[in-house]
Amino acid sequence: MMDAIVREQFPILHQHINGHPLIYLDSAATSQKPQRVIEAVKRYYELDNANVHRGVHTLGSRATDAYEGAREKLARFIGAGSAHEIVFTRGTTTAINLVAFGYARHVLQEGDEIVITPMEHHSNLIPWQQVAKATGAVLKYIPLQDDGSISLQDVEEAVTDRTKIVAMVYVSNLLGVINPINEVAKIAHKHGAKLLVDGAQSTPHMKIDVQELDCDFYALSGHKMCGPTGIGALYGKKELLEAMQPIEFGGEMIDHVDLYDSTWKDAPWRFEGGTPIIAGAVGLGEAIDFLTEIGMDRIAEHDKRLTDYAVNRLLEIDDVAIYGPLRDRTGLVTFNLADVHPHDIATVLDAEGVAIRAGHHCCQPLTRWLGVTATARASFYLYNTEADIDRLVASILKAKEYFGHVIG
Amino acid sequence: MSLDDLYRRVIMDHYKTPRNKGKFEDDGSVSIDLNNPTCGDRISLQLQFQDGVVAGAKFEGEGCSISLASASMMTDAIKGKTFVEAIRMADDFSSLMKGEAAEFEYEDIEALSGVSKFPARIKCATLAWNALRKGIEHS
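Each protein sequence line maps, in turn, to chains G and Z.
Numbering of the first sequence is given in this note's numbering, commencing with residue 1318 and proceeding in unit increments.
Numbering of the second sequence is given in this note's numbering, commencing with residue 275 and proceeding in unit increments.
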């Protein structure tokens, strides 16, 4: 059990919304930030701010050390072999686009296959649609089981010798399902394909070791793991990053510049054109320290227990449908309440101070696969408690009563 | 802000029994499909025009109570209106969503005034009106 001290460290949670104490259940969209992350960003601007990799002056060195220090922290945090395998990006979307257009665009040929699943967030779907169109590659889908999970037998059938890329989410932002990445990596590698993992939802909730997973690329967002918005990262195996082409050109990423041609820096810096998100990286580094001190195993256990508790409590309510497997999931519960539209549920909950997400959660194909147009989602993190879920349940009962009366 | 300001009885009545729901049989009408990409709401609006007048309107769609009730009211309110009158009504509706006072001959619409106090829901209420604007532009 997380103690109240963890929650105390998140200043934003100590406020009232519409006359009720705020219950924040939208961490899958973005997590809240502990005071020390906010302070780290502030301190950076107050004391160390300068541009990186160029200033001879003291502040320039401090800013560079802070930025590169954050890269090292992140490398350790996700088990990368070296900090040189970490490219800072704006977030998961930018990281996946970098692989799609810096790597896949150059290796895919007509008739080659990109294998994904229908549960992908748009960020791990649209780049592949675009790169398939540009190269003549074929986009193939691993079908979903009835509960929204995938079977390894289907992965075996989908991946062939023509498959060059397998791209898959680790934890679904809509179903909460945890995909068997390790086994998928084995199947992909058996056919010489590379595996990209969308780690936007997994990195905040469980211990990640990219070498153990044996994925080739791993994309993540800082803002979902207590860090600032605007910073994320791509992990790539060293030899793959070295083979990858930059997709943004300009300052910072160059080695030698002539009038008509130029050469690039080594990876990862060749992928970080322009002044990087230095304060964001500093904040992310602090968030990593914060999460590490608490312990990712402890956070994983906490989030899993809260998820199980929420599933059980929601199942007690008549007319509530839960999407995704009831077990082997983490971090969130997606649901609908009979014919009440999720927007209407979310508005009633907001009036009670409970913040949830309603809509298609950037998963339009998956939402259609579920046979609905929208869903409501409550997502949890280390600062949430079972009492928060009790408040959620009480508010859903209120919504049910409210619309039961009005709709009749 | 009370929920009852948002979910007025007349709104829930339009939601429960939407007016003009369905499709015209003939193909002389203008069709507009509009999505709300952030939330998944969808409207398919059909407009029949005759001599610069909106002769008829029908809609199909998926969405929350606010978006469907608004579509129901809009399709009722614009019947028999000239293009200029219909666009003026759409402008008045935009004012209503900004919290400004606006009067409607079709009074049910005024029940949506409470939406202006729920900023996240304004796009639900305006979807049908945006489809109307598009349809008139296309005519």
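Heads up, the beta-carbon is just placed ideally off N, CA and C, and yes, glycines get one too.
> Based on the DSSP secondary-structure assignment, which residues constitute the bridge partners of Trp1581 of chain G?
Replying inline: G:Ile1571
>> Quick check: what's the CA-CA separation for Lys1582 of chain G versus Ile1594 of chain G?
In response: 18 Å
>> Within the continuous alpha helix (DSSP H) that includes Lys423 of chain Z, where are the two ends?
In response: Not covered by the structure: residue 423 of chain Z. The range shown for chain Z is 275 to 413.
>> Taking only three categories from DSSP, how would you classify Thr1648 of chain G?
In response: According to the sequence as given, residue 1648 of chain G is Gly; it is not Thr. Correct three-state label for Gly1648 of chain G: coil.
> Quick one: what's got a C-beta closer than 7 Å to Glu1589 of chain G's C-beta in the same chain, skipping five residues either side?
Replying inline: Val1404, Phe1405, Glu1569 and Met1570
> Taking 9 Å as the CB-CB limit, is Glu379 of chain Z close to chain G?
Replying inline: Interface criterion not met: the Cβ of Glu379 of chain Z is under 9 Å from no Cβ in chain G.
> Which ranges does the alpha helix (DSSP H) cover as unbroken runs of at least 4 residues, wholly within the segment 1670-1721 of chain G, from first to last along the chain?
Replying inline: Taken in chain order, the whole alpha helix (DSSP H) runs of length 4 or more contained in the segment 1670-1721 of chain G are 1681-1686.
> Name the residues in the segment 1629-1653 of chain G whose C-beta lies less than 9 Å from a C-beta of chain Z; which are they?
Replying inline: none
> Would the beta-carbon of Arg1685 of chain G fall within 9 Å of that of Leu1491 of chain G?
Replying inline: no
> Does the distance from the CB of Gly1428 of chain G to the CB of Ala1454 of chain G come in under 9 Å?
Replying inline: yes
> Can you tell me whether DSSP reads Gly1493 of chain G as helix, strand or coil?
Replying inline: coil
>> Across the segment 1655-1672 of chain G and the segment 392-411 of chain Z, are there enough close Cβ pairs to call them in contact, namely three or more that are closer than 8 Å?
In response: yes
> CB Ala1517 of chain G to CB Thr1409 of chain G, shorter than 9 Å?
Replying inline: Contact: yes.
> How long is the line joining the alpha carbons of Gly296 of chain Z and Val327 of chain Z, rounded to whole angstroms?
Replying inline: Gly296 of chain Z and Val327 of chain Z have their C-alpha atoms some 20 Å from each other.
>> Against chain G, does Arg362 of chain Z count as a neighbour if the rule is that its beta carbon must be under 9 Å from one of theirs?
In response: no
> By Cβ distance, which residues of its chain are closer than 7 Å to Ser387 of chain Z, with the 5 residues on each side in sequence left out?
Replying inline: Leu370
> Taking Cβ-Cβ distances shorter than 9 Å, what residues in chain Z pair up with Gly1670 of chain G?
Replying inline: In chain order: nothing, as chain Z lies at least about 13 Å away.
> With C-beta atoms as the reference, is Leu401 of chain Z less than 9 Å away from Ile285 of chain Z?
Replying inline: no
> What residue range is occupied by the uninterrupted alpha helix (DSSP H) comprising Ser369 of chain Z?
Replying inline: Phe357 to Met371
>> Which residue wins for smallest C-alpha separation from Asp382 of chain Z, given the options Z:Asp301, Z:Gly302 and Z:Ala343?
In response: Z:Ala343
> Cα-Cα, which of G:Leu1709, G:Ile1713, G:Asn1701 and G:Gly1567 is closest to Ala1321 of chain G?
Replying inline: G:Asn1701
> Quick one: what does DSSP say Val1373 of chain G is sitting in, helix, strand or coil?
Replying inline: coil
> Shortest alpha-carbon distance to Ile410 of chain Z belongs to which of Z:Leu319, Z:Ala399, Z:Val389 and Z:Ser339?
Replying inline: When only C-alpha atoms are compared, the closest one is Z:Leu319.
>> Against chain Z, with Cβ distances strictly below 9 Å, would Tyr1316 of chain G count as a contact?
In response: Because chain G in this structure spans residues 1318 to 1725, residue 1316 of chain G falls outside the shown range and cannot be described.
> For the putative contact between Glu1603 of chain G and Arg1324 of chain G, defined by C-beta atoms under 8 Å, what is the C-beta separation to the nearest angstrom?
Replying inline: With 8 Å as the limit, Glu1603 of chain G and Arg1324 of chain G do not qualify as a contact, their Cβ atoms being about 18 Å apart.
>> Run through chain G and tell me which residues come within less than 7 Å of Glu336 of chain Z, C-beta to C-beta.
In response: Thr1690
> Between Asn404 of chain Z and Ser346 of chain Z, is the Cβ-Cβ spacing less than 9 Å?
Replying inline: no
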